[in-house]
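Top line first, the protein sequences correspond to chains A and B. Just so we're aligned, residue 1258 is where the first sequence starts under the working numbering, counting upward by one. Just so we're aligned, residue 1258 is where the second sequence starts under the working numbering, counting upward by one. Structure first, commentary second.
Protein chains: 2
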Amino acid sequence: MSKYSDSSVKGARIDHLGIAVESIDAARGLYEALGLRVIHQETVEHEGVRTAMIPVGESRVELLEPLGPETTVGRFLSKRGAGLHHIALHVDDIQAAWAELQGRGVTIVSPAVQTGAGGHLYFFVHPKSAGGVLLEICQDPV
Amino acid sequence: MSKYSDSSVKGARIDHLGIAVESIDAARGLYEALGLRVIHQETVEHEGVRTAMIPVGESRVELLEPLGPETTVGRFLSKRGAGLHHIALHVDDIQAAWAELQGRGVTIVSPAVQTGAGGHLYFFVHPKSAGGVLLEICQDPV
């Protein structure tokens, strides 16, 4: 554990880093060289993306490979090139986080707290409110 | 802890995320709204940067504000705008990681494993070998 752990708030952790890549097969080797492992791969047709999940401590790296150029990640690659797509922060109370950020005038991309695969909850904060980073706030299924 | 923790390798964790921002004072509010706290601020004159450290679980977010336009982070902001500057992965054996990556032909930016503030060890992998991300590999002081 980090020496800073005690200073952090309960439930807060970096849930995952979403990294847009041209090819999962080409990108995974670096992580495998460091002893990390892809434990799950999944194709999400309706989002136009193939994902590979690599656990790193309490977090994970998720490699995102587009199924075609006219997908969200495909357009990101065309415009920005490979690189970080989003950072996901886990919190214990996503409804409180939503209310707090709304109250402070933070620009939230999602129309409401969303329910994703497996029942986890999430919403996205616009990069202009998050230091240029697309920030996902998420919570485990209740 | 994440449900994926058991699948990860010993010692591996996301040490920190370095995020380049125009202003720490403007950027920190979002994290504070989520209950996170800046526990340390530091000006590193020879790197031309002011930093603010925000613990998040076993990791931390480090906000990086340039001291001027002709600094590493200043040039990054001019070219790319605010956003993720680098991801730092902690490993237990940085010398083994260095040797393994070198052996695989990964492009390493640093000329050797470096010793940083407080005695921690680190080197940087070029974004072209790491899915477009500037990747720091680090280890606690020995």
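Every residue gets a Cβ at the ideal spot worked out from N, C-alpha and C, and that includes glycine. If you're wondering where the values come from, they're calculated on a predicted model, not measured in any experiment.
Inter-segment contact for the segment 1369-1379 of chain A and the segment 1321-1339 of chain A is absent: fewer than three beta-carbon pairs are separated by less than 8 Å. Annotation: B:V1330 is outside any beta strand (DSSP E); the continuous alpha helix (DSSP H) that includes it extends over 1329-1337.
Setting aside the 5 residues that flank it on each side, B:D1397 is surrounded in the same chain by H1377, each with a C-beta closer than 7 Å to its C-beta; the list follows chain order.
For A:A1369, the closest of A:F1381, A:E1279, A:G1362 by C-alpha to C-alpha distance is A:F1381.
Counting along the chain, A:G1275 sits inside the beta strand (DSSP E) bounded by residues 1270-1277. Here the C-alpha atom of B:I1351 lies approximately 9 Å from the C-alpha atom of A:L1291. When DSSP states are grouped into helix, strand and coil, B:A1345 belongs to the strand group. Residue contact with chain A for B:S1367: absent (no Cβ-Cβ distance below 8 Å to any residue of chain A). A contact is defined here as three or more CB-CB pairs under 8 Å, and the segment 1303-1323 of chain B meets this definition with respect to the segment 1268-1284 of chain B.
One finds L1274, L1341 in chain B with Cβ atoms closer than 8 Å to the Cβ of A:I1344, taken in chain order. The straight-line gap separating the alpha-carbon atoms of B:A1356 and A:I1311 is approximately 21 Å. Distance from the Cα of B:G1340 is smallest, within the candidate group B:L1320, B:L1358, B:K1385, B:A1354, for B:L1320.
For B:E1393, the enclosing beta strand (DSSP E) has its first and last residue at 1392-1396. Shown here, B:E1319 sits in a strand according to DSSP, grouped into three states.
Judged by DSSP secondary structure, B:I1351 falls within the alpha helix (DSSP H) whose first and last residues are 1351-1360. Annotation for B:E1302: no beta strand (DSSP E) segment contains it, and DSSP assigns it neither H nor E. Neighbourhood of B:V1399 in chain A, by CB distance below 8 Å: empty, with the nearest CB roughly 15 Å away.
B:H1343 is the residue among B:V1348, B:H1347, B:H1343 whose C-alpha sits nearest the C-alpha of B:V1366.
Shown here for B:V1399: same chain residues with a beta carbon closer than 8 Å to its own, the five before and five after excluded, namely G1376, L1378 in chain order. Against B:S1386, the close residues of chain A are L1287, in the order they occur along the chain (beta-carbon pairs closer than 7 Å). Approximately 24 Å separates the beta-carbon atoms of A:T1364 and A:S1335; this is outside 8 Å, ruling out the contact. Under the three-state reduction of DSSP output, B:G1340 falls in the strand class.
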